[in-house]
Amino acid sequence: MDMNSQDQQLDELRTLILKSQSEDLSEAETIELNRLIHLPGGAEEAARLVDQLCAFTDIGSSNSLSLEEEQSGARQDSHHTAPLAFNTAAFPEPTTERSRPVVASRPNRSQAETHSQNWTRAYWLVGLAASHLVIGSFAWSLARPAREVAPIAMQTAKVKPPQIVSMTACVWGHGGNSVPTLGKPIHQGEVLNLVEGVAELKTGDGTPNEALVRIEGPASIFIRDDGQLGLNHGTLTAKSLGFGSEQVSIITPIGLVSVDGQSYVGLVSLGDSHEVHLFSGRAFVRPLSTYGSSDVRLEEGDAVRLSTGTEMDSGVVLFEASMASFASARSNAFDPLSLDEKYVSAVVESSPDIYWRFEGLEGSYPQHVKNEGKLPDLHASVVGNPGWRQYRGNRVAELGLTDAASAFTTETLWPSKPLDNYTIEAWAKPQLYHHGEMICLVDPLERREGRHDQALLLETFAREWFYALKVLGPNRIRFNHRTPPSGVVLDGTNLVSEDPYQVRVWQHVVARKSGNELSLWIDGNLAAQQEDEAPLPANMKILIGQIYPTKNYRPYVGQIDEVAFYDRALTKQEIRKHIRASGRLVDFD
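Here it is in structure tokens:
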């Protein structure tokens, strides 16, 4: 083929790829695109163009989650389809109509098998280009010789599909063929897009490849032909339950991770940085050539980071494995909160209107948590079935761990008059990154279908799947003050913590208004500050654990304790005095 002819055909290849961005290709055009990709230099040229398209649309960003806009307050629990299209734009998403990510063939595969794989490779690339679901390292992997990716053994026995065995506060995005359901098999080619929550899967049940895998939202995985998993992006941990070498394998954006039997590994894939942590056993990382590294063998306690960024630690970095990046690896009992009478005395000395300690329930149905503040009738009535956890001499409420409601509310309204000054104080231990309501003040008048306007929100954020909230930042604590009460998501004054909150770790949280100044305090340090002269509206219903009194909507998942409401602004010295009285070691700025 002369150079002019080759250039002409590469131009035609580029034209077809660009055309696929705005419309479906005809069958003839798809066949021609398949032919052109397999010409000398065709795959390389296609990969280059796909990389350029990524750059033009900022697809490479780990935060580029293209979501449909939704009504205020929208959220689905784990039994319903999320009402929005969650697009893991930074990574390819195989489906049953498209091939799985390219895996090298064994030398003894037949020519027909290789030809079939090449066809699916082309269709996958076209689908990626048309959907903008691309990333540079995967696009370039199409242009590399197949020998550069570690082979995966052909399955000779019938593959048992994985299934979900537990879900906690899961919100699922579109991407698979069905809504994930407990105990229901997940078949090859399916994609699971977990927007929020933690889901546990069993793979290879009863085989040497058996494993328990926990994925933490936001994350995207897919099911391979052999019943094992691929990670598009996000965080997961995997415990290999079988015996033998390299029994569990996971395809990742950096290559293949193989785990020996009786080993425990954690994977993090965000943007252009990817980590493998080995907590026990042994594992191998076989990187793509993009990372310029040979195979990495990990022993217990080792971790490796591979990055294509421009920072000082780009490339391959070995370091110590840490569970800090994996919320689900910690027990709910991690970081106990042991408070004694010294702490109680410090709070009571500040004269709260309301002080709920959650040490026990009183009264007949519905039972309540007694108010130990100065307003005797403002008890916290039980909604649903909250859980409890005992830490030595201190008991705390544990909310949101099941699909059933688990919250607290008040029958008596608060405050009795508009407040220019107030403080709300609590200890909170979120179990995972999610959008949940720790404390709300809502208008007692129902607006429609069980919905109520809100005057105040103190809530945890996730990597927001609701488009309007993405501007406020992921994994933060938000304090929202609204006068008049409203159900519009961004109404009022928003204070968002500068740093992400910690999961499965106790944090002291204070929302305060002092005159025109609103402030959010985390562990005794100022986390955000804004001005708003409007007072807090009078006669609101207090809610802990969900946003509406009679609907299990936007539940808070985690533990909460020592909730106090004041009709004045606590000073910084008082806030820090309470923390010191807890006996916990906290660094103040």
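Just so we're aligned: 260 in the UniProt record's numbering is position 260 of the sequence shown, and the numbers increase by one with no gaps anywhere. All C-beta atoms in this analysis are idealised placements derived from N, C-alpha and C, irrespective of residue type, glycine included. Keep in mind it's a predicted model, so treat the numbers as computed, not measured.
- In the three-state reduction of the DSSP assignment, Gly42 falls in the helix class.
- Within the same chain, and ignoring the five residues on either side of Gly384 in sequence, the residues whose Cβ sits closer than 8 Å to its Cβ are Ala404, Ala405, Ser406, Ala407, Asn552.
- Rounded to the nearest whole angstrom, the C-alpha separation of Gly189 and Phe222 is 6 Å.
- Put simply, of Val276, Glu341, Val165, Leu194 the residue whose alpha carbon is nearest the alpha carbon of Ala581 is Glu341.
- Between Val257 and Ala283, the beta carbon gap of about 6 Å places them in contact (Cβ cut-off 8 Å).
- Taking a contact as a CB-CB distance under 8 Å, the pair Trp506 and Leu337 counts as one, their CB atoms being some 5 Å apart.
- Judged by pairs of C-beta atoms under 8 Å, the stretch 453–462 touches the stretch 473–480, as three or more such pairs exist.
- Note that the C-beta distance between Ile544 and Val563 is below 8 Å.
- Ala211 and Gly204 do touch by the CB rule: their CB atoms are close to 6 Å apart, below 8 Å.
- Restricting attention to Trp356, Val471, Asp302, Leu33, the CA atom closest to the CA of Gly281 is found in Asp302.
- Excluding five sequence positions before and after Gln247, the CB atoms of its chain that fall closer than 6 Å to its own CB belong to Pro208, Asn209, Ser240, Gly261, given in chain order.
- For Arg576, there is no enclosing beta strand (DSSP E); the residue is part of the alpha helix (DSSP H) that begins and ends at 572–582.
- For Glu45, the CB contacts under 8 Å within the same chain, skipping 5 residues up- and downstream, are Leu10, Leu13, Arg14 in chain order.
- Boundaries of the beta strand (DSSP E) around Tyr566: 558–566.
- Our two residues, Tyr391 and Arg357, have alpha carbons roughly 13 Å apart in a direct line.
- Every unbroken stretch of the beta strand (DSSP E) spanning 3 or more residues and falling wholly within the stretch 199–250 is given here in chain order: 211–223, 229–240.
- Between Leu570 and Thr402, the alpha-carbon positions lie close to 35 Å from each other.
- Of the candidates Asp587, Gly292, Trp521, Trp521 places its Cα closest to the Cα of Ser497.
- Where Ser345 is concerned, there is no enclosing beta strand (DSSP E), although the alpha helix (DSSP H) around it starts and stops at 341–349.
- Within its own chain, the residues whose Cβ lies closer than 6 Å to the Cβ of Leu201, once the five positions on either side in sequence are excluded, are Pro162, Ile164, Val213, listed in chain order.
- The DSSP-derived three-state label of Tyr501 is coil.
- Here Leu457 is bridged, per DSSP, to Cys440, Asn480.
- Among the bridge pairs identified by DSSP, Glu362 is matched with His368.
- Selection His274, Ala534, Arg389 evaluated against Leu288 yields His274 as nearest (Cα-Cα).
- When the beta-carbon positions are compared, Gly373 and Pro386 stay at least 8 Å from each other.
- By the neighbour-count criterion, in which a residue is buried when 16 or more other Cβ atoms sit within 10 angstroms of its Cβ, Ser20 is buried.
- Val586 places its beta carbon 8 Å or farther from that of Ala169.
- When secondary structure is reduced to three states using DSSP, Tyr355 falls in the strand class.
- Sorting Gly244, Thr30, Trp414, Gly393 by C-alpha distance to the C-alpha of Pro537 places Trp414 at the top.
- When the Cα atoms are used, Asp491 and Pro485 turn out to be separated by approximately 9 Å.
- Under DSSP, Ser519 forms a beta bridge with Arg512, Gln529.
- In this chain, the beta strand (DSSP E) harbouring Arg305 covers 302–307.
- In the DSSP assignment, Tyr553 falls outside any beta strand (DSSP E), carrying neither H nor E.
- Counted as a single uninterrupted DSSP element, the beta strand (DSSP E) harbouring Gly255 occupies residues 255–259.
- Relative to the Cα of Arg512, the nearest Cα in the group Gln502, Leu456, His434 belongs to Leu456.
- Taking a C-beta distance under 8 Å as the contact criterion, Asp561 and Trp388 do not qualify as a contact pair.
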